[in-house]
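Asks: Take this structure, written in structure tokens, and hold onto it; I'll ask about it next.
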Amino acid sequence: TDPARDQAPLRIAVTGAAGQIGYSLLFRLASGSLLGPDRPVELRLLEIEPALKALEGVVMELDDCAFPLLAGVETGSDPRKIFDGVNLALLVGARPRGPGMERGDLLSANGAIFTEQGKALNDVAADDVRIGVTGNPANTNALIALSNAPDIPKERFSALTRLDHNRAISQLAAKTGAPVTDITHMTIWGNHSATQYPDLFHAEVGGRNAVEAVGDQAWIENTFIPTVAKRGAAIIEARGSSSAASAANATVDAARDWLLGSAEDDWVSMAVVSDGSYGVPEGLVSSFPVTTKHGEWTIVGGLEIDDFSRARIDASVAELVEERDAVVELGLI
Ligand code: NAD
Ligand code: LMR
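Its first residue numbered 5, the sequence shown is counted upward by one per residue in full-length UniProt numbering.
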């Protein structure tokens, strides 16, 4: 079914629903940010046992919003019950990093969550399910989940690099004085980590090449790239906990564009399973520029990659290879 046309409630699972991101995400989903003001949604909220009481409080608040589109809420700690018949699964639940940690440090703590959830989705999700992974390390968690769900097409999984994409748009808009709506063709390549490569060579500012519009290669190398790549750590440093509202917003943006389609004359960044494009080894979950339509994504082909970009994409992909090898070692895939 075309998700844009179907009017039955979209059944959406959110894991880690009592967490920080959940506290923002659930209210966005229930208010119609995902599929607009006409499409009801049903929420299926997964938490670990000790967090179920807090989750009941969040559900009380959802009730108290009297959202016209909210067709039902179910909570629980058994993924096989919660994922039953879901059309969209937003896998947020995982431990966040603290100050001084890299996201990869979370692999052993969070990896096991995604084996169990991958298996459960494989067995009980709806045939049209799409799965977005926000919990870190997001790319490799998505790889773990898809590897444990052999009956779900690999293309139905993606990991969130939309927050990085939005951060890059915001930084470029601030630098050039252009409104964010003038920034198009932004790309995040690689891993959702400090090695990610936000690429301005194909981006445009009001239709003009972004590198030319900026006119300052040193700013791109020494300010723009590190600011975007290390923004998550800067937020942890400032807030004392990791980004939540902006992460929820990006989770909604990514799912909305996936289900309803990206803008005709633009593309978005999504971490999806590689088909070998741009020298990224087949099977890795890596961020690419993609267009989306009718719930399917397509990697944008034919972009020219110069030596500067090549080295950065390769470095981030090398980290993804290391993470994959580590989870093979841990027996998670
Ligand atoms: P949080 O600690 O506030 O919430 C996480 C929730 O997940 C907790 O309530 C916890 O009980 C729950 N949980 C743990 N194991 C679970 C399981 N097996 N099943 C269901 N729920 C489980 O964390 P948060 O700030 O909401 O962040 C969640 C994750 O998202 C973290 O890994 C964080 O690093 C990541 N994140 C990713 C991005 C991104 O852009 N990809 C951005 C921000 C945060
Ligand atoms: C982010 O990018 O804000 C999240 O991935 C949280 C983190 O650990 O940086």
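Glycine included, C-beta positions come from ideal geometry on N, C-alpha and C.
From a predicted model like this one, the values you see are computed outputs, not experimental measurements.
Return the first residue and the last residue of the alpha helix (DSSP H) that residue 179 is part of.
Replies: Run containing residue 179: 166-180, per the alpha helix (DSSP H) assignment.
Asks: Exposed or buried, what is residue 185 when buried is set at 16 or more other beta-carbons lying within 10 Å of its beta-carbon?
Replies: Classification of residue 185: exposed, given that the 10 Å Cβ count is below 16.
Asks: Please state whether DSSP places residue 227 in a helix, a strand or coil.
Replies: Three-state DSSP puts residue 227 in a helix.
Asks: Could you pull the start and end residues of the beta strand (DSSP E) that residue 193 belongs to?
Replies: 191-193 is the span of the beta strand (DSSP E), which, as asked, contains residue 193.
Asks: Could you tell me the distance, in whole angstroms, from the CA atom of residue 233 to the CA atom of residue 170?
Replies: Near 12 Å, if we compare the C-alpha coordinates of residue 170 and residue 233.
Asks: Applying the criterion that 16 or more other CB atoms from any shown protein chain within 10 Å of the CB defines a buried residue, is residue 327 buried or exposed?
Replies: Under this definition residue 327 is a buried residue.
Asks: Does the ligand NAD have a heavy atom nearer than 6 Å to the CB of residue 49?
Replies: No; taking the cut-off as 6 Å, the Cβ of residue 49 has no heavy atom of the ligand NAD nearer than that.
Asks: What three-state label does DSSP hand residue 75 in the structure shown?
Replies: If DSSP states are grouped into helix, strand and coil, residue 75 belongs with the strands.
Asks: With a cut-off of 8 Å, do at least 3 Cβ pairs link the stretch 272-281 to the stretch 27-40?
Replies: The answer is no - the stretch 27-40 does not touch the stretch 272-281, with fewer than three Cβ pairs under 8 Å.
Asks: Please return the same chain residues whose Cβ sits closer than 6 Å to the Cβ of residue 297, not counting the five positions on each side in sequence.
Replies: Once the five neighbours on either side are set aside, the close Cβ partners of residue 297 are 265.
Asks: Going by C-alpha distance, which of 13, 11 and 49 is nearest residue 27?
Replies: Of 13, 11 and 49, the residue nearest in Cα terms is 49.
Asks: Just to confirm, are residue 73 and residue 44 a CB contact at a threshold of 7 Å?
Replies: Result yes, Cβ atoms of residue 73 and residue 44 sit closer than 7 Å.
Asks: Tell me residue 257's beta-bridge partners as DSSP assigns them.
Replies: The partner list for residue 257 (beta bridge, DSSP) is empty, contrary to what the question assumes.
Asks: Since I believe residue 107 is in contact with residue 140 (beta carbons under 8 Å), could you give me their beta-carbon distance rounded to a whole number of angstroms?
Replies: Yes, they are in contact, since the Cβ atoms of residue 140 and residue 107 sit about 4 Å apart, within 8 Å.
Asks: Report the option in 128, 135 and 83 whose CA atom is closest to the CA atom of residue 299.
Replies: For residue 299, the nearest C-alpha among the options comes from 135.
Asks: Which whole-angstrom value is the C-beta distance of residue 20 and residue 96, which I expect to be below 8 Å?
Replies: Sure, about 4 Å apart at Cβ, within 8 Å.
Asks: Over the uninterrupted alpha helix (DSSP H) stretch that includes residue 34, give me the two end residues.
Replies: Residues 24-35.
Asks: Compare the Cα-Cα distances from residue 320 to each of 130, 144 and 15 and report the closest residue.
Replies: Ranking the options by Cα distance to residue 320, first place goes to 144.
Asks: Report yes if the C-beta distance between residue 188 and residue 293 is below 7 Å; otherwise report no.
Replies: Going by C-beta atoms, residue 188 is not nearer than 7 Å to residue 293.
Asks: Quick check on DSSP: helix, strand or coil for residue 320?
Replies: Three-state result, residue 320: helix.
Asks: May I ask which residues mark the beginning and end of the beta strand (DSSP E) holding residue 4?
Replies: Here the chain comprises residues numbered 5 to 337, so residue 4 is not present and cannot be evaluated.
Asks: Below 8 Å on the Cβ atoms is my contact criterion, and I expect residue 148 with residue 332 to pass it. Report the Cβ-Cβ distance as a whole number of Å.
Replies: About 10 Å; that fails the 8 Å criterion.
Asks: Given a cut-off of 7 Å on the beta-carbon distance, is the pair residue 211 and residue 182 in contact?
Replies: Going by C-beta atoms, residue 211 is not nearer than 7 Å to residue 182.
Asks: Below 8 Å on the Cβ atoms is my contact criterion, and I expect residue 166 with residue 258 to pass it. Report the Cβ-Cβ distance as a whole number of Å.
Replies: Sure, about 4 Å apart at Cβ, within 8 Å.
Asks: Do residue 129 and residue 71 have their C-beta atoms closer together than 7 Å?
Replies: Cβ atoms of residue 129 and residue 71: not closer than 7 Å.
Asks: Is residue 158 closer than 7 Å to residue 150 when the C-beta atoms are compared?
Replies: Going by C-beta atoms, residue 150 is nearer than 7 Å to residue 158.
Asks: Going by beta carbon distance, what residues of the same chain come within less than 8 Å of residue 224, once the five residues before and after it are set aside?
Replies: Taken in chain order, the residues that qualify are 204, 215 and 218.
Asks: Around the C-beta of residue 52, are 16 or more other C-beta atoms found within 10 angstroms, so that it is buried, or is it exposed?
Replies: So residue 52 ends up on the exposed side.
Asks: Note the first and the last residue of the continuous alpha helix (DSSP H) segment covering residue 61.
Replies: Segment 56-69, the alpha helix (DSSP H) holding residue 61.
Asks: Just the Cα atoms here: how many angstroms apart are residue 281 and residue 220?
Replies: Whole-angstrom Cα-Cα distance: 29 Å.
Asks: Does DSSP put residue 114 in a helix, a strand or coil?
Replies: Residue 114 falls in the helix class under three-state DSSP.
Asks: Measuring only from the beta carbon, is residue 169 closer than 6 Å to any heavy atom that is part of the ligand NAD?
Replies: Outside the cutoff, so no.
Asks: Assuming contact is defined by CB atoms lying nearer than 7 Å, are residue 196 and residue 124 in contact in what I supplied?
Replies: No, they are not a contact pair.
Asks: Do the CB positions of residue 100 and residue 246 come within less than 7 Å of each other?
Replies: Cβ distance < 7 Å, so residue 100 and residue 246 count as in contact.
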